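For the protein sequence lines, the chains are A and B, in the order given. First residue of the first sequence: 824, per our numbering; consecutive thereafter. First residue of the second sequence: 11, per our numbering; consecutive thereafter. The structure appears below as structure tokens.
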Amino acid sequence: MSYPSSLKYTKNHEWLLIEGNIGTVGITNFAQSELGDIVFIEIESVGKNIKQDEIFGTVEAVKTVSDLFSPVTGKVLEKNEELSTNPDLVNKDCYGKGWIIKISIDNPTEIDALLSSSQYEEIVAH
Amino acid sequence: MKEVPLSKIHQQKGARMIDFGGWYMPVSYTSIIEEHNCVRNHVGVFDVSHMGEFILKGPHALELIQRCTSNDASVLTPGKAQYSCFPNEKGGIVDDLIVYCLEKDVYMLVVNASNTEKDWNWLCKHNTMGVEMIDISEKTTLLAVQGPDALTVLQQLTEINLSSVSYYSFIKGTLAGIDNVLIAATGYTGEPGFEIFFDKIHSEKIWNAIFETGKKFDIKPIGLGARDSLRLEMGYCLYGKDIDDDTTPLEAGLGWITKFTKEFNSSNILLNQKSLGLKKKLVGFEMIDKGIPRSHYQIFDNNKRMIGNVTSGTHSPSLLKPIGMGYVTVENSKQENEIFISVRDKLLKAKIVKFPFYKKKV
Chain A
824 MSYPSSLKYT KNHEWLLIEG NIGTVGITNF AQSELGDIVF IEIESVGKNI
874 KQDEIFGTVE AVKTVSDLFS PVTGKVLEKN EELSTNPDLV NKDCYGKGWI
924 IKISIDNPTE IDALLSSSQY EEIVAH
Chain B
11 MKEVPLSKIH QQKGARMIDF GGWYMPVSYT SIIEEHNCVR NHVGVFDVSH
61 MGEFILKGPH ALELIQRCTS NDASVLTPGK AQYSCFPNEK GGIVDDLIVY
111 CLEKDVYMLV VNASNTEKDW NWLCKHNTMG VEMIDISEKT TLLAVQGPDA
161 LTVLQQLTEI NLSSVSYYSF IKGTLAGIDN VLIAATGYTG EPGFEIFFDK
211 IHSEKIWNAI FETGKKFDIK PIGLGARDSL RLEMGYCLYG KDIDDDTTPL
261 EAGLGWITKF TKEFNSSNIL LNQKSLGLKK KLVGFEMIDK GIPRSHYQIF
311 DNNKRMIGNV TSGTHSPSLL KPIGMGYVTV ENSKQENEIF ISVRDKLLKA
361 KIVKFPFYKK KV
């Protein structure tokens, strides 16, 4: 399984792409594979302020449901509207078309607490 | 954890294995939706060898079965099977099962894996008439071959005319060169198909033969995940979720297997419940608002009064919408009635619909 080294990771299996003070958030290849067929994704509204580690949405798979935890504190700037009709994009392309939200990075020091791809890989290997 | 004889093969096929009531079982091989659709459109094979099988023998075998089950097994003739349940001492359900009449005075009971021991003890407790009981669960492999192409695939492996085996009938014979295979036209998917029982020493041979002949029909191994979504689309009850020790067969909509023409454990309690009227009832519902119902979510009426609980729910791969089952108060159980499911503190609208959720297109 692949975990791009350009991304940061949470122990809850989200990834964060940092571009200046904007972050893009999705779930990892490990998470989508564990969940199986994703059929519905519920995401907080654009404009909502979320703290680091707070729930910003839920992913419903056929068999199970899992919460989404924000990697950083910030405001939801955008959500991937395509997921409302094609939630399986998260299964098919979790680091690309299956991105979930864009969030402002209000406190860049929080990024230090996130995992690198090798640290994350270590976690899911066990 | 206990393993089924074909456990290694499932792992080789890339199955995700889970602990299912103490059994190491395949939940999915590729994707639940893909496997589900494979059974609805082609043919799939489930290894359900974890299920329990008991043989009951002797002149009083029928008497014991009649005492312990709610359906009327006296109508069974050799080669016929019947869905039934064991009511407990308060009218709840010890387990649901299928009773197969193998020959005069010889029956096979097929029970849920996780209840095998409980059921065995329950039968022993009521076996005051000296019925010979043999637990053959350990040495039996059970494969369910289900889907519109199931018959064509299996027909190539046997001389028996399978189209003559009607629903809930069975026949014993040779399949893939193996003798003594019990081929039953039963299943848990709503599709035509067969459940085949045989000695576990032949597991690999029969599994491979089925997959070899099934190749051109796109046959696939199917995990417990799709087994659950397939049965739920049909509104079939799953023990431990939709029925248990605290629900009666009448509440669960299993009145059709509760025959008051005979006496059985708690028949008086159930008869009493029937004449007084039910308080709660198992219903099916589809979501109107977006969200997926899950077991134990609460159900409310339009005045925000709690009226029951969800017992099973999923996104239906055939209907492409979320469906669920649950108990609600009888006043709220009418079809088309609007109910609300509490999903993560939000009340989402749903409506009660008739079983089955899924009807085969003709």
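For each residue, glycine too, the CB sits at the ideal point set by N, CA and C. Small disclaimer: the values here were computed from a predicted structure and weren't measured.
Ranking B:Gly-200, B:Lys-364, B:Glu-169 and B:His-136 by CA distance to the CA of B:Gly-187 puts B:Glu-169 first. Per DSSP, reduced to three states, the secondary structure at A:Trp-922 is coil, with no helix or strand assignment.
When only Cα atoms are considered, B:Ala-236 and A:Glu-867 end up about 30 Å apart.
Chain A places a beta carbon closer than 8 Å to that of B:Thr-324, counting this residue as a contact. At the C-beta level, B:Gln-283 and B:Leu-260 come within 8 Å of one another.
When the alpha-carbon of A:Asn-930 is set against those of A:Ile-873, A:Thr-896, A:Gly-843 and A:Ser-825, the nearest one is in A:Thr-896.
Annotation: B:Glu-296 to B:Gly-250 spans about 22 Å, alpha carbon to alpha carbon. At a cut-off of 8 Å, the C-beta of B:Gly-235 has a neighbouring C-beta in chain A.
At least one CB of chain A lies nearer than 8 Å to the CB of B:Arg-304.
Straight through space, the alpha carbons of B:Lys-12 and B:Gly-32 are spaced by roughly 6 Å. With fewer than 16 other Cβ atoms from the protein chains shown falling within 10 Å of its own Cβ, A:Asp-890 counts as exposed.
Using a CB distance below 7 Å, no part of the segment 45-68 of chain B faces chain A. The beta carbon of B:Gly-318 is closer than 6 Å to those of Ile-309, Gly-336, Tyr-337 and Val-338 in its chain, skipping five residues each way along the sequence. Where B:Asp-254 is concerned, there is no enclosing beta strand (DSSP E), because DSSP gives it neither an H nor an E.
Burial is judged here by how many other beta carbons sit within 10 angstroms of a residue's own beta carbon; B:Ile-333 has at least 16 and is buried.
The continuous beta strand (DSSP E) containing B:Gly-183 extends over residues 180-185. DSSP places B:Ser-176 outside both helix and strand once states are collapsed to three, so it counts as coil.
For the 8 Å CB-CB criterion, B:Leu-119 and B:Leu-66 form a contact.
Under the three-state reduction of DSSP output, B:Leu-292 falls in the strand class. In this structure, DSSP gives B:Gly-235 a helical state, which the three-state scheme calls helix. CA-to-CA, the gap between B:Ile-146 and A:Phe-853 works out to about 40 Å. Interface annotation for the segment 852-879 of chain A against chain B: Gly-859, Asp-860, Val-862, Phe-863 and Glu-865, criterion Cβ-Cβ distance under 8 Å. With respect to B:Phe-270, B:Leu-281 sits close: the two C-beta atoms are nearer than 8 Å.
If you look at B:Gln-92, you'll find it isn't in any alpha helix (DSSP H); it sits in the beta strand (DSSP E) that goes 90-97. Ranked by Cα distance from A:Pro-894, the options A:Thr-847, A:Lys-915, A:Tyr-826 and A:Ile-864 are led by A:Thr-847. Taking 8 Å as the upper bound for CB-CB distance, A:Ile-924 and A:Lys-902 are in contact here, some 5 Å apart. Cβ atoms of A:Glu-837 and A:Gly-849 come within 8 Å of each other, at about 7 Å. Contact between B:Phe-64 and B:Met-139 fails: their C-beta atoms lie close to 16 Å from each other, not under 8 Å. B:Arg-241 carries a helical assignment under DSSP once its states are collapsed to helix, strand and coil. Going by DSSP, B:Arg-77 is part of the alpha helix (DSSP H) stretching over 71-78. Proximity to B:Val-340 across B:Ala-262, B:Ala-160, B:Ala-154 and B:Lys-300 peaks at B:Ala-262, based on C-alpha coordinates. Under the three-state reduction of DSSP output, B:His-52 falls in the coil class, being neither helix nor strand.
One thing to note: B:Arg-304 has its Cβ within 8 Å of the Cβ of A:Val-888. At the C-beta level, B:Val-121 and B:Leu-112 stay beyond 8 Å of one another.
Among the residues facing chain B, A:Thr-833 is not included, as its CB has no counterpart in that chain under 8 Å away. Look at A:Ile-934 here: in three-state DSSP terms it is helix.
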